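Protein chains: 4
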Amino acid sequence: MPSAENNMDASTYRVVIDCPDQVGLVAAVSQFFASVNASILEASHHTDVKLARFFMRHEIAANSLKLNHTDFKQAFAQLAQKYDMRWSLNSSRSKPKVALLVSKEEHCLNDVLHRWHTGELNCDIPCIIGNHKSMQKYADWYEIPFHYIDFSNKTEAFAHIEALIRDYKVDLTVLARFMQIIPDDVCQRLSGKIINIHHSFLPSFVGAKPYQQAYDRGVKLIGATCHYVTSVLDEGPIIEQEVMRISHSDSSDDMVRKGKRCEINALANGLRYHIEDRVIVFESKTIVFN
Amino acid sequence: MPSAENNMDASTYRVVIDCPDQVGLVAAVSQFFASVNASILEASHHTDVKLARFFMRHEIAANSLKLNHTDFKQAFAQLAQKYDMRWSLNSSRSKPKVALLVSKEEHCLNDVLHRWHTGELNCDIPCIIGNHKSMQKYADWYEIPFHYIDFSNKTEAFAHIEALIRDYKVDLTVLARFMQIIPDDVCQRLSGKIINIHHSFLPSFVGAKPYQQAYDRGVKLIGATCHYVTSVLDEGPIIEQEVMRISHSDSSDDMVRKGKRCEINALANGLRYHIEDRVIVFESKTIVFN
Amino acid sequence: MPSAENNMDASTYRVVIDCPDQVGLVAAVSQFFASVNASILEASHHTDVKLARFFMRHEIAANSLKLNHTDFKQAFAQLAQKYDMRWSLNSSRSKPKVALLVSKEEHCLNDVLHRWHTGELNCDIPCIIGNHKSMQKYADWYEIPFHYIDFSNKTEAFAHIEALIRDYKVDLTVLARFMQIIPDDVCQRLSGKIINIHHSFLPSFVGAKPYQQAYDRGVKLIGATCHYVTSVLDEGPIIEQEVMRISHSDSSDDMVRKGKRCEINALANGLRYHIEDRVIVFESKTIVFN
Amino acid sequence: MPSAENNMDASTYRVVIDCPDQVGLVAAVSQFFASVNASILEASHHTDVKLARFFMRHEIAANSLKLNHTDFKQAFAQLAQKYDMRWSLNSSRSKPKVALLVSKEEHCLNDVLHRWHTGELNCDIPCIIGNHKSMQKYADWYEIPFHYIDFSNKTEAFAHIEALIRDYKVDLTVLARFMQIIPDDVCQRLSGKIINIHHSFLPSFVGAKPYQQAYDRGVKLIGATCHYVTSVLDEGPIIEQEVMRISHSDSSDDMVRKGKRCEINALANGLRYHIEDRVIVFESKTIVFN
Chain H
1 MPSAENNMDA STYRVVIDCP DQVGLVAAVS QFFASVNASI LEASHHTDVK LARFFMRHEI
61 AANSLKLNHT DFKQAFAQLA QKYDMRWSLN SSRSKPKVAL LVSKEEHCLN DVLHRWHTGE
121 LNCDIPCIIG NHKSMQKYAD WYEIPFHYID FSNKTEAFAH IEALIRDYKV DLTVLARFMQ
181 IIPDDVCQRL SGKIINIHHS FLPSFVGAKP YQQAYDRGVK LIGATCHYVT SVLDEGPIIE
241 QEVMRISHSD SSDDMVRKGK RCEINALANG LRYHIEDRVI VFESKTIVFN
Chain V
1 MPSAENNMDA STYRVVIDCP DQVGLVAAVS QFFASVNASI LEASHHTDVK LARFFMRHEI
61 AANSLKLNHT DFKQAFAQLA QKYDMRWSLN SSRSKPKVAL LVSKEEHCLN DVLHRWHTGE
121 LNCDIPCIIG NHKSMQKYAD WYEIPFHYID FSNKTEAFAH IEALIRDYKV DLTVLARFMQ
181 IIPDDVCQRL SGKIINIHHS FLPSFVGAKP YQQAYDRGVK LIGATCHYVT SVLDEGPIIE
241 QEVMRISHSD SSDDMVRKGK RCEINALANG LRYHIEDRVI VFESKTIVFN
Chain S
1 MPSAENNMDA STYRVVIDCP DQVGLVAAVS QFFASVNASI LEASHHTDVK LARFFMRHEI
61 AANSLKLNHT DFKQAFAQLA QKYDMRWSLN SSRSKPKVAL LVSKEEHCLN DVLHRWHTGE
121 LNCDIPCIIG NHKSMQKYAD WYEIPFHYID FSNKTEAFAH IEALIRDYKV DLTVLARFMQ
181 IIPDDVCQRL SGKIINIHHS FLPSFVGAKP YQQAYDRGVK LIGATCHYVT SVLDEGPIIE
241 QEVMRISHSD SSDDMVRKGK RCEINALANG LRYHIEDRVI VFESKTIVFN
Chain U
1 MPSAENNMDA STYRVVIDCP DQVGLVAAVS QFFASVNASI LEASHHTDVK LARFFMRHEI
61 AANSLKLNHT DFKQAFAQLA QKYDMRWSLN SSRSKPKVAL LVSKEEHCLN DVLHRWHTGE
121 LNCDIPCIIG NHKSMQKYAD WYEIPFHYID FSNKTEAFAH IEALIRDYKV DLTVLARFMQ
181 IIPDDVCQRL SGKIINIHHS FLPSFVGAKP YQQAYDRGVK LIGATCHYVT SVLDEGPIIE
241 QEVMRISHSD SSDDMVRKGK RCEINALANG LRYHIEDRVI VFESKTIVFN
């Protein structure tokens with residue numbers, strides 16, 4: 001419970017990299033950090049021996065640095081090039097813009113908005129987009145623009161959504177129980193920038209009515225999965241999963257209630273990990289430094 | 001996932017008893033139920049062999065009965081007397097009136113209101129009472145009267161609260177992170193009708209700042225406890241507990257975030273169990289038919 | 001912590017039924033119990049409203065009864081017939097005979113034997129059957145006959161196994177990580193009397209190398225499933241499941257270690273539930289009164 | 001599931017340090033590693049901002065180094081001195097010698113021995129010490145010397161135990177349900193080298209009969225705690241904790257059964273963390289890099 005974490009004006013830089021593994025890599029990175037006087041608050045490493053690939057995330061106290069954000073980034077870019085890194089360097093001050101897409105189910109929407117409102121999610125929410133007007137009330141209460149999309153024409157509907165995403169300069173689109181299948185081309189354009197909460201413990205029960213499928217199979221736990229959206233339905237890289245125990249005595253209502261709890265928790269964690277630059281997608285999987 | 005549970009107009013009666021154990025007790029009760037044509041949807045029994053005491057809860061389809069609520073109750077009263085039962089017989093149609101008491105923390109308030117709003121909690125919420133005006137906004141959105149209580153004079157404040165409880169005919173008072181110690185006499189008058197959410201895994205870390213206590217002791221899980229309030233602080237019968245794993249890398253913010261999750265879940269379950277007549281308090285403990 | 005449960009000479013009868021649901025059923029059963037002076041220690045009910053089917057398990061103190069086992073059974077049979085029940089009535093004194101089938105993995109074998117040895121599993125273990133001689137040492141230490149089966153001819157091998165099951169009058173066959181697919185006809189002959197521990201959270205990762213499959217998919221929890229064996233591989237009714245959280249930092253060894261823990265716990269519970277007559281199989285699923 | 005982890009002949013060095021935090025520390029350490037060509041398989045950092053203290057663990061492929069163990073250690077010692085480090089540098093080839101102390105309960109003993117036997121615990125077990133002769137059988141089966149200690153004279157008994165610890169050059173003493181309170185002077189002499197498994201979720205239910213205490217308080221989860229032993233009973237730094245859900249329907253036997261599962265898992269993890277140099281004790285708490 002270190003008190004410094006409570007100091008809200010202490011912004012940080014988050015440096016996230018992955019690159020081919022080699023001896024001296026950590027030394028080079030940490031020497032660079034030392035050379036700019038970086039005070040490291042959190043450091044996470046992972047070596048995938050089989051892939052010979054290295055993954056790393058640092059969180060650095062911004063006020064410890066001798067350089068500003070731009071100069072820091074420029075200096076790091078040289079190092080990154082030398083080691084063939086994929087990398088990002090974000091300030092905790094630049095909040096990502098997160099758009100929420102919803103249908104009729106309101107539990108995920110309510111939870112995400114509440115966490116955002118109380119400061120747990122370090123993002124902006126420029127808009128809520130829905131195919132049911134009933135969600136307007138949440139948008140109003142939290143004073144966020146709400147856009148109703150008519151899905152009688154699917155192509156137009158998704159064109160409308162993509163236009164909104166462009167106009168609001170959205171960094172991440174969250175399908176917070178948005179019960180529409182995203183077209184391939186949209187998936188590809190938003191690749192790595194769109195996450196979904198699926199109401200099953202994937203890869204079990206892909207597709208529609210996962211609770212019914214779970215009931216029919218007689219599983220003893222149900223779950224939910226937060227994952228990046230790809231063209232193949234429910235096959236994207238998994239960020240977070242949650243499960244809860246059920247039994248024969250759980251009614252349909254009980255299963256839905258428990259399932260909602262899983263969805264809320266998996267989405268809340270998955271979303272936070274993404275926002276805090278804790279997720280690296282590599283091929284079909286994620287490294288999550290949580 | 002039986003479909004009948006989804007049939008929202010199908011009200012039920014909940015018959016809850018406890019009494020000295022004896023052979024023939026279950027037969028007598030179930031024969032009575034058969035004699036009035038009761039279709040039993042859910043039945044739970046518990047025998048405490050040491051105490052020679054029997055605990056039982058039945059949920060009965062109201063539309064299966066030959067009698068109305070009043071006649072059913074009257075008929076059951078005779079049986080109850082014969083076996084020296086403590087008992088209750090409630091219809092799922094008569095929703096208990098639940099008052100929420102809050103201070104500044106809004107996560108439990110938001111969660112309870114959301115579950116109530118979406119029909120998960122089968123109760124009415126006639127009023128929200130708070131010692132901080134900032135909670136008014138939740139009350140407004142959900143269109144529930146909010147009463148601000150000034151605590152500069154504690155005695156008057158609690159007199160005011162008790163008057164509100166009386167006026168609103170409140171059945172259950174919930175301390176949804178209400179950071180005031182309830183006076184002995186109020187505890188006694190509300191005995192069995194007031195529940196609290198304490199932000200530790202009791203009996204560890206009684207009293208103030210449980211997260212700091214947990215941090216100082218270096219425990220590897222933190223938790224929350226939903227319990228009935230008695231005169232002895234944090235000593236009342238426990239209804240529900242939740243825990244989450246923590247580690248040295250959890251900051252103060254992380255612990256609070258995880259702790260809130262525990263509080264929300266323990267309170268949501270504990271409150272639902274009480275509302276659905278699933279809790280029997282016997283001496284210092286609870287039987288929970290969940 | 002009722003002391004009576006500790007009284008090891010207090011044997012019980014376990015009456016398990018399922019039948020079409022109807023009003024008066026519970027009354028009829030409990031009146032019968034009262035008429036023979038049965039002291040009910042544990043009672044569990046379940047109504048499947050959709051199927052209109054009723055499931056029930058009672059545990060009765062044997063020494064409270066006016067009748068002996070045979071007479072009790074005979075008397076109950078009349079009631080059972082009237083209500084078209086599938087039923088069993090077993091004494092806790094007649095321990096089922098459980099045969100263990102193993103390959104090379106020893107963790108499940110060690111755990112089951114230890115629990116049996118310390119009295120947690122109320123069964124006899126007349127034999128251990130294996131296709132690797134290395135498991136002999138466990139059999140020796142626990143003084144249980146070990147039968148090595150040569151699998152160079154599969155048909156003969158299974159004929160040998162079935163002969164052993166017959167000769168030892170085995171009630172339940174446990175595949176404690178027995179890495180051979182059971183032929184259809186054997187599955188059918190042992191229907192309801194053979195359980196398996198599969199090292200994944202079914203229905204995910206059916207078949208071989210489930211940990212590799214889980215690794216490839218990038219799931220965030222792995223699990224194990226204890227289920228009845230049917231002709232369709234890994235499709236039988238599920239008794240118990242366990243899961244554990246994993247992350248990118250878990251090596252192959254870590255996943256195996258965590259997986260073993262899941263397997264041990266799921267098998268231990270599933271086996272105990274079966275032995276204590278806590279499982280009712282209905283169609284493709286189980287009701288587990290635990 | 002990187003294949004290299006499966007390569008059993010690939011030994012590693014584990015470098016564990018803690019020291020006052022300062023900018024450049026990580027750079028200095030990682031530059032040193034690079035200078036000796038160290039291939040880092042696993043790296044874990046923790047900064048305690050409040051204490052301004054830094055904690056770090058590295059696991060290095062031994063065969064990547066230009067130096068042997070002795071030279072590596074000597075070279076590192078200079079760096080360590082410069083930064084005022086507490087440190088250790090162990091090879092995975094030098095297995096610590098772990099002595100097991102037991103009374104009558106055999107579940108922890110059985111589990112630790114099984115994990116050791118199957119290679120999960122990378123240690124030697126030179127002796128088992130017990131105050132009940134019945135544990136001899138485990139020692140015999142695993143071919144480990146067993147020493148029975150007569151506790152009619154406590155002082156002599158502990159002198160005997162300490163002599164055995166000395167003679168066997170024991171690195172870690174494990175109280176695997178050893179139901180004797182360790183004298184203060186022994187605690188001090190073995191400080192940091194003796195761990196206990198306590199059968200409650202500490203700090204709840206210190207001392208004797210924790211399950212009875214848990215039963216009396218009516219908690220909804222029970223647990224177990226693996227901790228270093230200090231002079232104050234059950235107050236030492238916690239390494240690992242486990243919990244399981246219980247309810248009113250759990251008998252004494254059920255609680256003991258579930259509690260054993262917690263004990264086994266907490267001890268197995270805690271012991272492994274210690275053996276693999278994953279635990280740093282600082283003041284009254286632990287940092288566990290797991």
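Residue numbers (the UniProt record's numbering), protein chains in the order written: chain H, 1 to 290; chain V, 1 to 290; chain S, 1 to 290; chain U, 1 to 290.
Note that the Cβ used here is the ideal one computed from N, Cα and C, for glycine as well.
None of the values given here were measured: they were computed from a predicted structure.
Using a Cβ-Cβ cut-off of 9 Å, state whether residue 45 of chain H counts as contacting chain U. True, the Cβ-Cβ gap to chain U drops below 9 Å.
With distance defined between alpha-carbon atoms, name the residue in U/64, U/66, U/50, U/42 nearest to residue 299 of chain U. The question about residue 299 of chain U has no answer here: the residues shown for chain U are numbered 1 through 290.
Given that residue 237 of chain S touches chain H, what residues does it touch there, using C-beta distances under 9 Å? Taking a Cβ-Cβ cut-off of 9 Å, the neighbours of residue 237 of chain S in chain H comprise 218, given in sequence order.
Residue 225 of chain S and residue 238 of chain S closer than 9 Å at C-beta: The answer is yes: Cβ separation under 9 Å.
C-alpha distance - residue 7 of chain U paired with residue 61 of chain U, whole-angstrom precision: Unreliable placement is indicated for residue 7 of chain U, whose pLDDT of 43 sits below 50; the coordinate value is still reported in the next sentence. Looking at the two C-alpha atoms, the distance is approximately 11 Å.
Helix, strand or coil for residue 18 of chain V? Go by DSSP, reduced to three states. If DSSP states are grouped into helix, strand and coil, residue 18 of chain V belongs with the strands.
Short of 6 Å in beta carbon distance, which residues of its chain neighbour residue 17 of chain H, apart from the five on each side in sequence? Order them along the chain. The answer, listed in chain order, is 56, 85, 87.
Counting only the same chain and skipping the five closest in sequence on each side, list residues whose C-beta sits under 7 Å from that of residue 160 of chain H. The residues are 149.
For residue 277 of chain S, is the classification buried or exposed, using 16 other Cβ atoms within 10 angstroms of its Cβ as the cut-off for buried? Under this definition residue 277 of chain S is a buried residue.
Out of curiosity, what's the CA-to-CA distance linking residue 262 of chain H and residue 45 of chain V? Straight-line spacing of the CA atoms in residue 262 of chain H and residue 45 of chain V works out to 30 Å.
At least one CB of chain S closer than 9 Å to the CB of residue 15 of chain V: is that the case? It does not; no Cβ of chain S falls within 9 Å.
Using a C-beta to C-beta distance shorter than 9 Å, which residues of chain H count as neighbours of residue 33 of chain U? Simply 23, 24, 26, 27.
Please confirm whether residue 276 of chain H has its beta-carbon closer than 9 Å to some beta-carbon of chain S. Cβ-Cβ to chain S under 9 Å: no for residue 276 of chain H.
What is the rounded straight-line gap between the Cα of residue 285 of chain U and the Cα of residue 265 of chain U? Between residue 285 of chain U and residue 265 of chain U, the C-alpha separation is close to 20 Å.
Enclosing alpha helix (DSSP H) for residue 286 of chain S [first to last residue]: Per DSSP, residue 286 of chain S lies in no alpha helix (DSSP H) segment; the continuous beta strand (DSSP E) that holds it begins and ends at 285-288.
Residue 48 of chain S, DSSP secondary structure in three states: Here residue 48 of chain S carries a strand assignment [DSSP, helix/strand/coil].
Which chain S residues are close to residue 263 of chain U, counting only those with a beta carbon under 8 Å from its beta carbon? Within chain S, no residue has its beta carbon less than 8 Å from that of residue 263 of chain U; the closest one is some 13 Å off.
Tell me, which residues are paired with residue 87 of chain H by DSSP? Answer by DSSP bridge pairing, in chain order: H/17.
C-beta atoms of residue 223 of chain V and residue 243 of chain V nearer than 9 Å: Closer than 9 Å, so yes.
Run the CB neighbour count on residue 30 of chain U, radius 10 Å, all protein chains shown included, and call it buried at 16 or more, exposed below. When all chains shown are included, residue 30 of chain U counts as buried.
For residue 203 of chain U, return the contacting residues in chain A, with the cut-off set at a CB-CB distance below 7 Å. The structure shown has no chain A; the protein chains it does contain are H, V, S and U.
Can you give the Cα-Cα distance for residue 209 of chain H and residue 187 of chain H, rounded to whole angstroms? Distance between the alpha carbons of residue 209 of chain H and residue 187 of chain H: 22 Å.
Give the secondary structure of residue 260 of chain V by DSSP, where H, G and I count as helix, E and B as strand, and everything else as coil. Helix.
Looking at the structure shown, is residue 160 of chain H part of a helix, part of a strand, or coil, going by DSSP? In the three-state reduction of the DSSP assignment, residue 160 of chain H falls in the helix class.
Beta carbon of residue 126 of chain H, beta carbon of residue 83 of chain H: below 9 Å? Note that the C-beta distance between residue 126 of chain H and residue 83 of chain H is not below 9 Å.
CA-CA distance, residue 198 of chain S and residue 64 of chain U? Residue 198 of chain S and residue 64 of chain U have their C-alpha atoms some 39 Å from each other.
Beta-carbon separation (whole angstroms), residue 40 of chain V vs residue 69 of chain V, contact threshold 8 Å: By a beta-carbon distance limit of 8 Å, residue 40 of chain V does not contact residue 69 of chain V. Their separation comes to about 17 Å.
Taking 8 Å as the cut-off, is the CB of residue 86 of chain S close to at least one heavy atom of the ligand ATP? In the structure on display, the ligand ATP does not appear, and there are no ligands present to speak of.
Exposed or buried, which one is residue 176 of chain H when buried takes at least 16 other CB atoms within 10 Å? Its Cβ being crowded by 16 or more others within 10 Å, residue 176 of chain H is buried.
For the segment 102-136 of chain V, list the beta strand (DSSP E) runs that are entirely contained and at least 3 residues long, ordered along the chain. Residue ranges of uninterrupted beta strand (DSSP E) with 3 or more members, entirely inside the segment 102-136 of chain V and ordered along the chain, are 128-130.
DSSP beta-bridge partners for residue 241 of chain U? Note: residue 241 of chain U is bridge-paired with U/225 in the DSSP secondary-structure output.
Helix, strand or coil, according to DSSP, for residue 93 of chain U in the structure here? Note: residue 93 of chain U maps to coil in three-state DSSP.
When you compare the CB of residue 259 of chain U with every CB in chain V, is at least one pair closer than 9 Å? Cβ-Cβ to chain V under 9 Å: no for residue 259 of chain U.
Within chain H, partners of residue 110 of chain V - CB distance below 8 Å: The contacting residues are 110, 114.
Residue 81 of chain V: buried (16+ other C-beta within 10 angstroms of its C-beta) or exposed? Counting the other CB atoms within 10 Å of its CB gives residue 81 of chain V a total below 16, which places it among the exposed residues.
Anticipated Cβ contact below 8 Å, residue 144 of chain S with residue 173 of chain S, distance rounded: About 15 Å separates the two Cβ atoms, so there is no contact after all.
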